[in-house]
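Below: one structure, written as structure tokens.
In this note's numbering, the protein residues as written are 19 to 114.
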């Protein structure tokens, strides 16, 4: 049986995103070497990623053009999207 790891970046007051839907620019304020190391180690132990529709669409708009070790993992790992409204990739790159 596979292990399920839930990992979210959440502000201290409980928000996942900024004022607009999909706005995760605040991640830039917390991203550093420690979080990069944690992300890389966590991704190396994963066999796939699970997303809801909105998170998937935000990630699919960012990661295909990103570079670096974390981007390599994000772009190559299999993904599953749980959604009742997303029926196709809507223009996302094949890796996504």
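Glycine included, every Cβ here is placed at the ideal spot set by N, Cα and C.
- The Cβ-Cβ distance between residue 66 and residue 96 falls below 8 Å.
- Counting only the Cα atoms, residue 68 lies some 7 Å from residue 100.
- By the Cβ neighbour-count rule, residue 92 is buried, with 16 or more other Cβ atoms within 10 Å of its own.
- In terms of Cα proximity to residue 28, the closest of 47, 78 and 21 is 47.
- By the Cβ neighbour-count rule, residue 114 is buried, with 16 or more other Cβ atoms within 10 Å of its own.
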